[in-house]
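In UniProt numbering, the protein residues as written are 1 to 366. Heads up, the beta-carbon is just placed ideally off N, CA and C, and yes, glycines get one too. As structure tokens, the structure follows; a few thoughts come after it.
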């Protein structure tokens with residue numbers, strides 16, 4: 001069955017070493033104990049497409065870029081009760097009126113439990129999620145949201161961490177999970193700086209809000225200076241620095257490669273799109289309900305191939321951690337490339353087509 005709780009480590013060191021915060025370790029042990037007891041007190045669940053469980057309503061909508069491509073949405077509970085608390089880096093699942101489920105980072109004030117804020121860039125070539133947010137979500141629109149989950153937590157120095165300063169790097173809409181981190185770093189009086197890159201100033205969100213941080217923030221406009229290289233983004237990092245970044249996959253990979261030799265620097269990141277397929281081979285998927293055969297190219301994810309035939313197939317993160325796209329394999333042997341599924345779930349035949357693959361044909365329950 002799908003576990004009710006999933007524990008995550010404090011973000012890993014760039015070289016794979018985990019330096020775990022003692023408080024986070026205690027919390028993890030607590031969740032593990034709850035998971036163990038849950039085995040004896042609950043009935044098995046089937047995997048759900050979404051963890052959305054809170055009835056919410058759109059409170060306000062605001063355009064936060066000069067080119068009007070990014071819209072900020074504030075949400076509150078329909079019953080006006082307080083929302084679950086969250087920490088910087090967290091995201092929620094948003095179930096839109098159409099039934100589509102999408103994940104969005106929270107970019108408001110973590111201390112405000114009366115409302116959540118998300119920001120969504122309108123993408124003309126999207127599969128409908130961003131367009132629906134921009135066209136159909138208005139003040140008073142009813143939606144469903146999940147409780148916040150955090151796969152990109154900020155580990156503040158001095159609390160089990162040796163970090164002495166933080167370098168934040170945001171690309172485009174990747175500013176959304178970073179924005180609350182700036183406030184937290186300030187509250188803890190942690191030395192930090194931010195480099196925020198965008199195609200142009202007009203395309204960059206929350207620029208007005210960033211002005212409060214003064215010279216801690218550097219804005220980089222690609223249309224004036226060209227895309228920034230990794231060395232420019234990183235600057236002169238002192239030993240025991242930490243880098244937190246969110247943005248396009250190419251930017252993140254460039255930063256990873258540049259930091260590969262820096263064992264004295266921690267690297268934490270979150271992507272907003274699928275990572276490139278590595279060492280992929282072409283294979284086929286049979287959709288059992290119709291017997292259609294879908295060919296997955298060597299450089300293509302199984303999910304993207306499926307969506308061309310089944311555009312209504314459920315998905316969200318496209319990165320292998322939300323499990324929204326999970327399907328059951330009826331025949332064939334999948335090659336799992338995600339740790340989001342437990343060994344039991346894998347044995348039961350579940351498969352995440354957004355990241356996992358196969359060496360041969362798979363038949364799936366779709």
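The segment 66-75 and the segment 114-131 touch, with three or more beta-carbon pairs separated by less than 8 angstroms.
With fewer than 16 other beta carbons inside 10 angstroms of its own, residue 67 counts as exposed. Sequence-distant Cβ neighbours of residue 63 in its own chain, meaning closer than 8 angstroms and more than five residues away, are 70, 71, 72. Contact between residue 215 and residue 198 fails: their C-beta atoms lie close to 19 angstroms from each other, not under 8 angstroms. The closest CA to that of residue 213, considering only 308, 181, 344, 333, is found on 181. In the three-state DSSP reduction, residue 222 falls in the helix class (H, G or I). At the C-beta level, residue 336 and residue 356 come within 9 angstroms of one another. Annotation for residue 336: no beta strand (DSSP E) segment contains it, and DSSP assigns it neither H nor E.
Distance from the CA of residue 95 to the CA of residue 269, rounded to the nearest whole angstrom, comes to 25 angstroms. In the structure shown, the three-state DSSP call for residue 201 is helix. Taking all protein chains shown into account, residue 56 has 16 or more neighbouring C-beta atoms within 10 Å of its C-beta and is therefore buried.
Under DSSP, residue 192 takes part in a beta bridge, and its partners are 166.
Put simply, the backbone Cα of residue 348 is about 48 angstroms away from that of residue 220. Inclusion of residue 191 and residue 89 in the CB contact set at 9 angstroms is not warranted, their separation being larger than that value.
Within the same chain, and ignoring the five residues on either side of residue 139 in sequence, the residues whose Cβ sits closer than 6 angstroms to its Cβ are 58. Where residue 330 is concerned, the enclosing beta strand (DSSP E) starts and stops at 327-331. The beta carbons of residue 100 and residue 132 sit about 6 angstroms from each other, so the pair counts as a contact at 8 angstroms. Taking C-alpha positions only, residue 129 is separated from residue 173 by approximately 15 angstroms.
When DSSP assignments are scanned along the UniProt domain "FAD-binding FR-type" (51-155), the uninterrupted stretches of alpha helix (DSSP H) that are 4 or more residues long and fall wholly within it turn out to be 129-136. Under a 10 Å Cβ-count criterion, residue 145 is classified as buried, with 16 or more other Cβ atoms of the shown protein chains found around its own Cβ. In this chain, the beta strand (DSSP E) harbouring residue 287 covers 283-287. Scanning 334, 175, 165 for the CA closest to the CA of residue 239 turns up 165.
In this structure, residue 168 and residue 178 form a Cβ contact; the two beta carbons are roughly 5 angstroms apart against a cut-off of 8 angstroms. Secondary structure of residue 298 (DSSP, three-state): coil. For residue 345, the three-state secondary structure derived from DSSP is helix. Within its own chain, the residues whose Cβ lies closer than 7 angstroms to the Cβ of residue 202, once the five positions on either side in sequence are excluded, are 65, 66, 67, listed in chain order.
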